[in-house]
Structures are given as structure tokens and as C-alpha cells.
């Protein structure tokens, strides 16, 4: 189930970022270790009140927890220098690809226009 996967993913990511054990994380969240383990393995669905508790403890909205999205400011804060460099390189690459694609589309449009003009002339 997608909701289970999203919750598990968010919990795993948080544990990894905080570098804490299962027992420490369960205690921090205020839930049983066995329950946390089931959520991480996607073996159980948390009840609505547990989802609310988890979202409050994690500092995210319920929709972010069940949809698997972390808030943008937290994502930006977590960027290291290496990640920032990687993202910059990726953005440059995307920008270059976009400009090349725009140029290619313009050339194709001109070719189609010329082809249509030739067809129109041959019909006349």
C-alpha cells in the first residue's frame, strides 16, 4: 500500500538523518518499538491518532507524512556543500538541454513551415 510505503520511507529517512537506533526513535516518537518496526517494514497501518502523533513529533503535516513529501525548507537545510554542487551542475545541464531543445524545436517549426509552403504551392 502506498501510504504504508510513504510513512515507512519518511520514518527511515528521519532515522538515518538523525543517526538514531530503532529503540531511540520509538521512544522519541512515543510509540512501541514493535509498532515502529512494523511501520518500517510496511507490515502495519498506523491508526489515525498514531499518524497524527507521528506527524506532530516529526514536525510535518499529516499529508506530508502519508504522501511521502518532506517540507521544502527542511530539504534545503539538509543540503551539504557536495549536494549543492551536484544540484548546481544538474540545473546547468537542464538549462543547457532546455535551450538546445528550444533551438531544435524552432528549427523543426521552420522546416515544417517551409514544407507546408511547398505543399501549398504544389496544390495551386
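In full-length UniProt numbering, the protein residues as written are 1 to 124. Note that beta-carbon positions come from the ideal geometry of N, C-alpha and C, so glycine has one too.
So is residue i buried or exposed if we call it buried at 16+ other beta carbons inside 10 Å?
| i | result |
| --- | --- |
| residue 26 | buried |
| residue 7 | buried |
| residue 54 | buried |
| residue 65 | buried |
Using a Cβ-Cβ cut-off of 7 Å (strictly less than) and excluding sequence neighbours within five positions of residue i, which residues of its own chain qualify?
| i | result |
| --- | --- |
| residue 12 | 40 |
| residue 52 | 62 |
| residue 106 | none |
| residue 23 | 33 |
| residue 75 | Note that residue 75 scores a pLDDT of 48, beneath 50, so its modelled location is shaky; the value from the coordinates is reported in the next line. Here the set comprises nothing. |
Short of 8 Å in beta carbon distance, which residues of its chain neighbour residue i, apart from the five on each side in sequence? Order them along the chain.
| i | result |
| --- | --- |
| residue 73 | A caution first: residue 73 carries a pLDDT of 46, below 50, which makes its placement in the model too unreliable to give a value. |
Compute the beta-carbon to beta-carbon distance between residue i and residue j, rounded to the nearest angstrom, for a pair I have assumed lies under 8 Å.
| i | j | result |
| --- | --- | --- |
| residue 29 | residue 2 | No, residue 29 and residue 2 are not in contact; Cβ-Cβ is about 21 Å, not under 8 Å. |
| residue 59 | residue 10 | Contact flag wrong, Cβ pair sits at about 11 Å. |
| residue 45 | residue 17 | Not confirmed; about 24 Å, so no contact. |
| residue 31 | residue 14 | Incorrect: roughly 13 Å between the Cβ atoms, too far for contact. |
Say whether chain B places a C-beta atom closer than 9 Å to the C-beta of residue i.
| i | result |
| --- | --- |
| residue 32 | Checking the listed chains, one finds no chain B in this structure; it contains a single protein chain. |
Can you list, in chain order, the residues of its chain with a C-beta nearer than 6 Å to that of residue i? Leave out the 5 residues immediately preceding and following it.
| i | result |
| --- | --- |
| residue 91 | none |
Would the stretch 26 to 40 count as touching the stretch 89 to 102 if we require 3 or more Cβ pairs under 8 Å?
No, they do not touch.
Quick one: which unbroken alpha helix (DSSP H) runs of 4-plus residues sit fully inside the UniProt domain "HTH cro/C1-type" (11 to 65)? Chain order, please.
Taking 4 residues as the minimum length, the alpha helix (DSSP H) runs contained wholly in the UniProt domain "HTH cro/C1-type" (11 to 65) are 22 to 29, 33 to 40, 48 to 58, in order along the chain.
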